[in-house]
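Remarks on the structure that follows.
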Amino acid sequence: MTPRGAITGLRRRVRSPSRPRLRLEIVLILVSYWLYSLVRNAVPEHRRAAMRHARDVWDLEQTLGLAVERSVNHTVNDVTWLVVAMNYYYATLHFVVTISVLVWLFRGHPGRYAAARMVLLVTTGIALVGYYLYPLAPPRLAEHTDFVDTVLAHHTWGSMASGDLANVSNQYAAMPSMHIGWSTWCGIALVVLARRRWVRVLGAVYPVTTLAVIVSTANHFWLDAVGGVLCLSVGSGVVRLVYGRWPHDLPRRVPREPVAGDDPGGPGPRPRIPAPTGEPDARSYGPAPSGAQS
């Protein structure tokens with residue numbers, strides 16, 4: 012086989028949907044998240060650079076006239092029930108919704124699952140590069156500002172970046188925001204593929220609500236959200252190149268794999284090929300019938 016033929020065969024194999032295997036997917040997702048957490052938290056925090064970048068981002072937003080985070084943070088912080096709900100939203104739904112959408116795709120859209128999952132993995136990999144190249148302090152840690160860390164202020168169990176859990180998490184991995192990257196991935200999957208209207212509506216609302224939460228709790232600047240969307244766009248583009256189509260354009264179901272005896276040109280068993288004229292059929296051996304002429 013020529014190198015071009017090998018590449019063509021590999022491309023055809025990659026682009027052909029295959030049925031995902033549950034055990035393999037569970038192991039893959041767990042290992043991927045473990046590596047993501049390990050690399051994210053092992054990246055040098057670079058406190059001085061993170062604070063400088065936070066000041067630069069805040070100054071840029073003020074120059075643009077779009078520095079809304081502080082007023083939103085203080086307004087929401089005065090409504091206890093709302094800010095507490097947002098704290099728990101930030102800490103839990105990021106994982107719960109993403110895993111739920113992965114399970115839904117696995118069960119209901121097996122032909123599209125692998126491509127959609129690859130978008131998520133590539134997006135997250137790009138984010139890790141961003142954490143290393145551009146450490147950024149979140150608003151609640153930025154120097155010379157009066158943002159409120161809502162988790163600490165209201166004594167709620169919150170993100171890995173607040174309170175006692177801060178010791179096991181990189182404090183300065185705010186750019187890009189994977190809360191936005193993952194929630195937008197979930198939202199697109201639900202809007203494009205869900206059949207029920209209320210599910211599509213929830214899919215459209217989810218990333219918008221997440222944006223409101225990350226800004227209100229002072230965990231991200233809104234420019235971090237832009238970074239998350241850009242990472243998702245690049246991840247989607249990479250998968251588009253690999254598969255030649257967007258994930259939602261792939262068939263919903265995985266084609267049935269041919270088995271022995273199937274006709275490659277169509278369904279059903281292969282017809283028996285009769286013996287050539289003048290040769291006995293394999294099942295007709297034995298004495299000739301009475302009266303037969305040789």
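Counting in the working numbering, the sequence shown runs from 12 upward without gaps.
Note that the Cβ used here is the ideal one computed from N, Cα and C, for glycine as well.
Classify residue i: buried if its beta carbon has 16 or more other beta carbons within 10 angstroms, exposed otherwise.
i, result
"P149", "buried"
"V79", "exposed"
"D235", "buried"
"A102", "buried"
"D160", "buried"
"W196", "buried"
"V270", "With a pLDDT of 48 at V270, under the threshold of 50, the predicted position of this residue should be treated as unreliable, though the coordinate-derived value follows. Counting Cβ neighbours within 10 Å, V270 comes out exposed, since fewer than 16 surround it."
"I110", "exposed"
"T74", "exposed"
"I37", "exposed"
"A215", "exposed"
"V94", "buried"
"G76", "exposed"
"G141", "buried"
"V212", "exposed"
"T91", "exposed"
If I measure Cβ to Cβ from residue i and keep anything under 7 angstroms in the same chain, skipping five residues before and after, which residues do I get?
i, result
"L152", "Q182"
"V249", "V133"
"V224", "M97, Y100, Y101"
"S301", "Only weak support is given to the placement of S301: the predicted model assigns it a pLDDT of 46, under 50, and the value that follows is read from those uncertain coordinates. Cβ neighbours of S301 beyond the five flanking positions: none."
"G246", "V130, V133, T134, I137"
"H85", "V159"
Where do the N-terminal and C-terminal ends of the alpha helix (DSSP H) with residue i fall, by residue?
i, result
"L234", "233–254"
"A127", "121–144"
"P306", "The first residue shown for the chain is 12 and the last is 305, placing residue 306 beyond what the model contains."
"A65", "58–75"
"M189", "189–204"
"R81", "80–88"
"A164", "161–165"
Starting from the Cα of residue i, find the closest Cα among the options and give me that residue.
i, options, result
"I137", "A125, S244, Y99, G255", "S244"
"V265", "L39, L116, T74", "L116"
"F106", "I40, V83, R58", "I40"
"P258", "T86, L147, T109, P121", "P121"
"S48", "V224, S227, T135", "T135"
"P146", "R59, R128, A223", "R59"
"M129", "G119, L144, W193, V212", "W193"
"H166", "A96, G76, L144", "A96"
"V219", "A126, I191, A229, Y142", "I191"
"V162", "Y254, S227, G238", "S227"
"L139", "M189, Y217, V90", "M189"
"A184", "V68, A61, L35, C242", "A61"
"A205", "V83, V112, Y44", "V112"
"V253", "H231, A126, V203", "A126"
"G119", "T221, L201, L222, W209", "L201"
"V87", "V42, Y217, A229, L46", "A229"
Which same chain residues end up closer than 8 angstroms to residue i when comparing Cβ atoms and leaving out the 5 residues on each side of it in sequence?
i, result
"R81", "P150, T156, D157, F158"
"L71", "L234"
"H64", "Y145, P146, L147, A148, M186"
"R207", "none"
"L241", "P187"
According to DSSP, what are the bridge partners of residue i?
i, result
"L147", "A184"
Tell me which residues share the same chain as residue i and place their Cβ nearer than 6 angstroms to its Cβ, disregarding the 5 neighbours each side in the sequence.
i, result
"Y124", "P31, L116, F117"
"V108", "C197"
"H57", "P146"
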